[in-house]
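For reference, the structure is listed below as structure tokens.
Protein chains in written order, with this note's numbering: chain R, 1 to 314; chain V, 1001 to 1314.
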């Protein structure tokens, strides 16, 4: 991605989200030395847990790399986090007395996009939530991703919510029976609307996202109710892709837990444009830290090494 | 409704909901003596606040009736509350060391239905939430009303949520502009998706229900986006009505804050069947208490007075 003057430098890329925090340590030539995975790291859901998960994932990655724990203070960290597009959360995280040599903070969308394309491009992230992001000519664009339940159409949580809405109507005799009804009841270990409510009412987006599995499986099996839900969600994701493609990104990728199964439901012209992500989001965090270092004047004068380093994570 | 042997008996009907608690005191001939209104009384949102609101509304009704406060202990209370169809909340409220002579507890749907029809019938309650209820030949049927945001289609909160979903898409350029967009932005004092999120994200159903006003106003003015939302919600309410009519209730009423404006959007054959409610829900609570007293053996032997008393709240 970029070439650095200091050849002894070690980087750690940390990608934090609502369910997991992933860390990867690489050297100045972007050789992967070790990885670590810890728990949730979404500052919107708690500062203490976020910094705890970041430090844990880093400690695990150091151990995996056979590096002593005190190496933590020598690492240059790139950290991509959900929620830090909100100034309050960005400032809270940026003022953390972190244990790294340096820490560069950005949104999880930006680091995912950098990882997927090693430069300009656009990503659709479809997992528990859904969001579109583009980084083109130094400008970022964020589309959707307004959260559950008012936004994030086409996401796992949205599919689960639509499934539950249908299920409650079907249990009232106000919607047709279907395979989806019985699969959702099985998953919720329920047989009445009251039991469904007790299991899922007021629960978080990740609880609803678990129900996306039966919705998309039933759609794949041709159940018309599930097909209608998945088509509606996928149409929104295709619209999101079209809007991102208007920005002329050199590449477009779809990532996140739902991406592999959502792909076949997208508009054909969108599927044609989808490219495999080149690297994982935590490697995008490393690229971000390297860009920041270069911008601060730590970069090499020659660009000869660029093509070499950028191919390392193919 | 029913005739009672004890002519000195005083009744209080108390209808508790998510925003208000209404009390009415009547004598044995169902003559209205006084009314009182206090704050929220939904046991799902707190036991202490519920009993506080019940006692306050009763004290206000006593004062309105020019009765001394200590009369509280002589009142036979009928109490209709949201949430008490859940056994846990019913038991919690039923074991309250209440200050009345007797207290008879039922769901707010049951008391609303008794008030609307002075006997068998069906009601659709459309306000912040939506629900269908029928009491026919001693059997109760509850339809819908599964709560926000997974249920309560066609309600004020649902309309507000659909409005916000559309608004966020329109702000992303993923939905057409409309009058509804500008009216919602005005009401939310916002101009960007982030501002909308700050105003409404994670808020309660009553916050969303306030947004139903611009949605239904725009629909009445012919805005196609708003029309589509209101039509979708009203179609569900019509389905709910059809399902209730299958139970052959002698009467069907629609009550709640949204009822007057939703009426014109319902299927014509449903509108034809709608009858004006005879009495308010808190009077339905009185009827419920009277029924319970009669069942316990306090009723008159003759039915001569029945027709007289049942006409008092026309």
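We put the CB at the ideal spot given by N, CA and C, even for glycine.
In the DSSP assignment, residue 105 (chain R) falls within the unbroken beta strand (DSSP E) covering 102-107. With contacts defined as CB atoms closer than 8 Å, residue 178 (chain R) and residue 214 (chain R) fail to qualify as a contacting pair. With contacts defined by Cβ atoms closer than 8 Å, residue 82 (chain R) and residue 142 (chain R) do not form a contacting pair. DSSP places residue 1096 (chain V) in no beta strand (DSSP E); its state is neither H nor E. Counting only the Cα atoms, residue 192 (chain R) lies some 32 Å from residue 1054 (chain V). With respect to residue 25 (chain R), residue 59 (chain R) sits apart: the two C-beta atoms are not nearer than 8 Å. Residues of chain R whose Cβ lies closer than 8 Å to the Cβ of residue 1164 (chain V) are, in chain order, 150. R:238 is the residue among R:41, R:51, R:238 whose C-alpha sits nearest the C-alpha of residue 131 (chain R). Looking at V:1144, V:1297, V:1076, the one whose alpha-carbon comes closest to that of residue 1285 (chain V) is V:1076.
In this structure, residue 1297 (chain V) lies away from residue 1229 (chain V), with their beta-carbon atoms at least 8 Å apart.
Across the structure, residue 1197 (chain V) and residue 1031 (chain V) are spaced so that their CA atoms are roughly 50 Å apart. Residues of the stretch 1238-1251 of chain V with a C-beta less than 8 Å from any C-beta of chain R: 1239, 1240, 1243, listed in chain order. According to the DSSP secondary-structure assignment, residue 1254 (chain V) is paired through a beta bridge with V:1124. Inter-residue distance for residue 1006 (chain V) and residue 1078 (chain V) is about 17 Å (C-alpha atoms, whole angstroms).
Contacts with chain R at 8 Å (Cβ-Cβ) do not include residue 1045 (chain V). Using a 10 angstroms sphere on the CB of residue 231 (chain R), the tally of other CB atoms stays under 16, which defines it as exposed. Residue 1168 (chain V) reaches chain R at 146, 150, 151, counting residues in chain order whose Cβ is nearer than 7 Å. In the three-state reduction of the DSSP assignment, residue 1084 (chain V) falls in the coil class.
In the three-state scheme derived from DSSP, where H, G and I count as helix and E and B as strand, residue 1024 (chain V) is classed as strand.
Bridge partners of residue 38 (chain R) according to DSSP: R:21. Contact annotation for residue 143 (chain R) against chain V: 1172, 1173, 1174 [CB-CB distance below 9 Å, chain order]. Taking 8 Å as the CB threshold, residue 201 (chain R) lines the interface with chain V. Between residue 200 (chain R) and residue 149 (chain R), the alpha-carbon positions lie close to 13 Å from each other. Taking one beta carbon from each stretch, the stretch 1086-1102 of chain V and the stretch 1118-1127 of chain V have fewer than 3 pairs nearer than 8 Å; the two do not touch. Distances from the alpha-carbon of residue 168 (chain R) to those of V:1145, V:1133, V:1072 put V:1145 closest. By the 16-neighbour rule on beta-carbons within 10 angstroms, residue 264 (chain R) is exposed. Where residue 160 (chain R) is concerned, there is no enclosing beta strand (DSSP E), although the alpha helix (DSSP H) around it starts and stops at 156-171.
When rounded, the separation of the alpha-carbon atoms in residue 272 (chain R) and residue 280 (chain R) is 21 Å. With its beta carbon at least 8 Å from every one in chain R, residue 1100 (chain V) lies outside the interface. Between residue 1254 (chain V) and chain R, the shortest Cβ-Cβ separation is not below 8 Å. Residues of chain R whose Cβ lies closer than 9 Å to the Cβ of residue 1161 (chain V) are, in chain order, 149, 150.
Put simply, the backbone Cα of residue 1267 (chain V) is about 43 Å away from that of residue 245 (chain R). For residue 1061 (chain V), same chain residues with a beta-carbon under 7 Å away, outside a window of 5 residues either side, are 1012, 1023, 1024, 1025, 1034, 1035, 1036 in chain order.
Taking a beta-carbon distance threshold of 8 Å, residue 1212 (chain V) does not count as an interface residue toward chain R.
Scanning its chain for C-beta atoms nearer than 6 Å, with the 5 sequence neighbours on each side dropped, one finds no residue around residue 140 (chain R). Counted as a single uninterrupted DSSP element, the stretch harbouring residue 11 (chain R) is not any alpha helix (DSSP H) but the beta strand (DSSP E) occupying residues 10-16.
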